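Residue numbers (the numbering used here), protein chains in the order written: chain A, 1232 to 1314; chain B, 1232 to 1314; chain C, 8 to 147; chain D, 8 to 147.
Positions of the beta carbon are idealized from the N, C-alpha and C atoms, including for glycine.
Remember, it's a predicted structure, so these values are computed and weren't measured experimentally.
Data block below; observations after.
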Amino acid sequence: MKVKVLFFGATADLTRKRQAEIEITEDAVAANVLEQIFAEFPSLVKHHDKKSLLFSINQEYSSGDEKIKEGDELAIFTAVSGG
Amino acid sequence: MKVKVLFFGATADLTRKRQAEIEITEDAVAANVLEQIFAEFPSLVKHHDKKSLLFSINQEYSSGDEKIKEGDELAIFTAVSGG
Amino acid sequence: MEQDFYEITNDPLDVGEIARRIILPECGATVTLDGYVRKFTKGRETEHLVYEAYEPMALKEMEKLIQRAQENFEITNIGIVHRIGRLEIGETSVVISVASPHRRAAFEACEWLIKELKSTVPIWKKEVYADGEVWVEGEA
Amino acid sequence: MEQDFYEITNDPLDVGEIARRIILPECGATVTLDGYVRKFTKGRETEHLVYEAYEPMALKEMEKLIQRAQENFEITNIGIVHRIGRLEIGETSVVISVASPHRRAAFEACEWLIKELKSTVPIWKKEVYADGEVWVEGEA
Chain A
1232 MKVKVLFFGA
1242 TADLTRKRQA
1252 EIEITEDAVA
1262 ANVLEQIFAE
1272 FPSLVKHHDK
1282 KSLLFSINQE
1292 YSSGDEKIKE
1302 GDELAIFTAV
1312 SGG
Chain B
1232 MKVKVLFFGA
1242 TADLTRKRQA
1252 EIEITEDAVA
1262 ANVLEQIFAE
1272 FPSLVKHHDK
1282 KSLLFSINQE
1292 YSSGDEKIKE
1302 GDELAIFTAV
1312 SGG
Chain C
8 MEQDFYEITN
18 DPLDVGEIAR
28 RIILPECGAT
38 VTLDGYVRKF
48 TKGRETEHLV
58 YEAYEPMALK
68 EMEKLIQRAQ
78 ENFEITNIGI
88 VHRIGRLEIG
98 ETSVVISVAS
108 PHRRAAFEAC
118 EWLIKELKST
128 VPIWKKEVYA
138 DGEVWVEGEA
Chain D
8 MEQDFYEITN
18 DPLDVGEIAR
28 RIILPECGAT
38 VTLDGYVRKF
48 TKGRETEHLV
58 YEAYEPMALK
68 EMEKLIQRAQ
78 ENFEITNIGI
88 VHRIGRLEIG
98 ETSVVISVAS
108 PHRRAAFEAC
118 EWLIKELKST
128 VPIWKKEVYA
138 DGEVWVEGEA
């Protein structure tokens, strides 16, 4: 089952990607996918405390326990700094 | 000794004047001149509590005890309502 | 104070021009109050307004306000422009713009300035209705 | 909500146009925050900034902010416009404009909106110096 993961700003620089596709298991929740992303892109955790990174699913902030479905759009990024 | 008195907004409407010249005594302080203005323009006190009217001397708010000199510019008006 | 400005004019006010007139390199935020003619006040319909100023005194009082704000708030520059004469519904009567390195002080100073302006600067407003008119009296 | 607007754009922002876009007859005051690029931050000189947004999510978060502000403050309408891409010193990055019958609520809501925007709307800022660049991290 495939999901899309987007990177922005610092996370795009660290992964050298703006997006990636990752393969996840059927019963994955957001927290599992997040660990998988950290495994696949170790540069993220080398530069950041995991807790300082934010995670969204289909353009909504994630609490970590949402069930992930095929085709979902995930994103991982640092604390926002607009304004 | 002559001073100029200016009226604005409601006080101009009540006195039907935008300015007047009044004759005052040599040792007059602001409060004396104010009483003289009320005597000369009774419409002011007919429509307003004396205390609700504001008074300035040479474009500064008056406390009532300033000494008045020949040629001073006085003004009498209601509480301001700009903005 | 050299960067501050205060004006009284008969002409229409351009909020954007006033807000952006002075932007200094140490600033990051400008807070602007745009006050304009409301159609309905306490359920009564205003047709238009007329503002009148005791102009030289009003300018002096604006200058004092700016000095007091500069003493009390961590701000960089202030602009105050008040329009007088006849104003139609929706037209801007006053613009107060405050720029500062950080926004908190600009919000505080801008709100303080409009409150003080409304009680100290000798300008009066006449509300004109379909069936009459009245000089509005402030709260002295 | 029909009178509110929120946008993300690559184009220069016109503060006056945003502040005056919607003026309703029951309103009398609009408070506008104009946020722009500061030359000096903590003594360091910025050459320019680059803003990047997760655009569809940023628009959703702006919409939520507006709904929350409408629930919490006695205001009439809100406009939020954020610019992205490369911005030079002094150029406006964000404008938040709040109109209301009375000014107090507009000041409160405008200040609340910029604070919340800075912690919830997924937009990031890169500061570019003569000798390097850094993505600024907010306070999550």
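* Reference B:GLU1271, options B:THR1309, B:ILE1299, B:THR1246, B:LYS1298, closest by Cα -> Nearest option by C-alpha distance: B:THR1246.
* To do: Measure the alpha-carbon distance for D:TRP119 versus D:ASN79 and round it to whole angstroms.
  => Taking the Cα positions, D:TRP119 is about 10 Å away from D:ASN79.
* Asked: My guess is that C:ALA106 and C:ILE29 are in contact by the Cβ rule of under 8 Å, so how many angstroms apart are they, rounded?
  -> Contact between C:ALA106 and C:ILE29 is confirmed by a C-beta separation of about 7 Å, below the 8 Å threshold.
* **Supposed close pair D:TYR43, C:GLY35 - CB separation, criterion 8 Å** => The Cβ separation is near 6 Å, so the contact holds.
* To do: Taking B:PHE1286 as the reference, give the member of B:GLU1297, B:HIS1278, B:LYS1277 with the closest Cα.
  => Comparing alpha-carbon positions, the option among B:GLU1297, B:HIS1278, B:LYS1277 lying closest to B:PHE1286 turns out to be B:GLU1297.
* Asked: What do you get for C:ASP41, buried or exposed, if any count of 16 or more other CB atoms within 10 angstroms of its CB means buried?
  -> With 16 or more Cβ atoms within 10 Å of its Cβ, C:ASP41 is classed as buried.
* Asked: Just how far apart, CA to CA, sit D:ARG93 and C:GLU24?
  -> One C-alpha to the other measures close to 23 Å.
* **Runs of alpha helix (DSSP H) lying entirely within the segment 54-95 of chain D, each at least 4 residues, in chain order** => Counting whole runs of 4 or more residues, the segment 54-95 of chain D contains the alpha helix (DSSP H) stretches 62-79.
* Just the chain A side, please: which residues come within less than 8 Å of D:GLY139 by C-beta, in chain order? => Per Cβ cutoff of 8 Å: no residues; D:GLY139 is ~13 Å from chain A at best.
* Just tell me which of C:GLY97, C:HIS89, C:GLU144 has its CA closest to the CA of C:ILE15. => Sorting C:GLY97, C:HIS89, C:GLU144 by C-alpha distance to the C-alpha of C:ILE15 places C:HIS89 at the top.
* First and last residue of the uninterrupted beta strand (DSSP E) at A:SER1283 -> Here A:SER1283 belongs to no beta strand (DSSP E), and DSSP marks it neither H nor E.
* For A:GLY1295, does the count of other Cβ atoms within 10 angstroms reach 16, so buried, or fall short, so exposed? -> The residue is exposed, with fewer than 16 neighbouring Cβ atoms inside 10 Å.
* To do: Could you check which residue in C:ILE96, C:LYS132, C:LYS67 has the C-alpha nearest to that of B:GLY1240?
  => Measuring from the Cα of B:GLY1240, the nearest candidate turns out to be C:LYS132.
* Check the Cβ of D:LEU124 against every Cβ in chain A and list those closer than 7 Å, keeping chain order. => Those within 7 Å of D:LEU124 in chain A are GLY1313, GLY1314.
* Asked: Since C:TRP142 meets chain B, which of its residues come closer than 8 Å, beta carbon to beta carbon?
  -> Neighbours of C:TRP142 on chain B, chain order: GLY1240, ALA1241, ASP1244, THR1309, SER1312.
* Flag A:SER1287 as yes if its beta-carbon sits less than 7 Å from any beta-carbon of chain D, otherwise no. => So yes, A:SER1287 belongs to the interface.
* **Any chain C beta carbon closer than 7 Å to D:PHE12** => Not closer than 7 Å to any Cβ of chain C, the Cβ of D:PHE12 fails to qualify, so no.
* **Chain-order list of residues whose beta-carbon lies under 7 Å from that of C:TYR61 (same chain, five-residue window excluded)** => The residues PRO129, in chain order, have a CB closer than 7 Å to that of C:TYR61 in the same chain once the five nearest residues on each side in sequence are set aside.
* Asked: With burial defined as no fewer than 16 other Cβ atoms inside 10 Å of the residue's Cβ, what is the status of D:ARG110: buried or exposed?
  -> Buried, by the Cβ-count rule.
* Asked: Which residues, in order along the segment 33-64 of chain D, keep a beta-carbon less than 7 Å from a beta-carbon of chain C?
  -> Legend: CB atoms of the segment 33-64 of chain D lying less than 7 Å from CB atoms of chain C belong to residues GLU33, CYS34, GLY35, ALA36, THR37, VAL38, THR39, LEU40, ASP41, GLY42, TYR43, ARG45, LYS46, PHE47.
* Asked: What separation, rounded to the nearest whole angstrom, lies between the Cα atoms of C:THR99 and A:LEU1265?
  -> Their Cα atoms are separated by approximately 52 Å.
* Asked: Excluding five sequence neighbours on each side, which residues of the same chain lie with their C-beta closer than 7 Å to the C-beta of A:ALA1261?
  -> Closer than 7 Å at the Cβ level, and outside the excluded window around A:ALA1261, lie PHE1286, ILE1288, SER1293, GLY1295, ASP1296, GLU1297, ILE1299.
* A:SER1274 burial status per 10 Å Cβ neighbour count (16 or more: buried) -> Exposed, because fewer than 16 other Cβ atoms sit within 10 Å of the Cβ of A:SER1274.
* 7 Å Cβ shell around A:GLN1250 - same chain, five flanking residues per side excluded -> The residues are LYS1235, VAL1236, LEU1237, PHE1238.
* So who's on the other strand from D:GLY42, going by DSSP bridges? -> For D:GLY42, which the question treats as bridged, DSSP gives the partners C:ALA36, D:VAL101.
* To do: Can you give me the start and stop residues for the beta strand (DSSP E) that A:GLN1250 sits inside?
  => 1250-1254 is the span of the beta strand (DSSP E), which, as asked, contains A:GLN1250.
* **Among C:GLU9, C:LEU56, C:GLY97, nearest to C:VAL141 - alpha-carbon criterion** => When each option's Cα is compared against that of C:VAL141, the closest is C:LEU56.
* **Rounded C-alpha distance that separates C:GLU68 from A:ALA1243** => Straight through space, the alpha carbons of A:ALA1243 and C:GLU68 are spaced by roughly 54 Å.
* **Check whether C:MET64 and B:GLN1267 have beta carbons under 7 Å apart** => No. Outside cutoff.
* With D:LEU120 as the anchor, note down where its beta strand (DSSP E) starts and where it stops. => Premise fails: D:LEU120 lies in the alpha helix (DSSP H), 110-127, not in any beta strand (DSSP E).
* Evaluate A:GLY1314 with the Cβ neighbour count: other Cβ atoms within 10 Å of its Cβ, from every protein chain shown; 16 or more gives buried, anything less gives exposed. => So A:GLY1314 ends up on the buried side.
* **DSSP beta-bridge partners of B:ALA1306** => DSSP lists B:LEU1237, B:SER1287 as partners of B:ALA1306.
* Thinking just about the alpha-carbon of each residue, which of D:ASP138, D:SER104, D:GLU144 is nearest to the one in D:THR53? -> For D:THR53, the nearest C-alpha among the options comes from D:ASP138.
* Under 7 Å between beta-carbons, which chain F residues line up against D:PHE114? List them in chain order, please. => No chain F appears in this structure, whose protein chains are A, B, C and D.
* Beta carbon of B:GLU1257, beta carbon of B:LYS1233: below 7 Å? -> Cβ atoms of B:GLU1257 and B:LYS1233: not closer than 7 Å.
* Identify the contact partners of A:LYS1306 in chain D, using a Cβ-Cβ distance below 8 Å as the criterion. => Position check: residue 1306 of chain A holds Ala in this sequence, whereas Lys was assumed. By Cβ distance, chain D contributes TYR61, MET64, PRO129.
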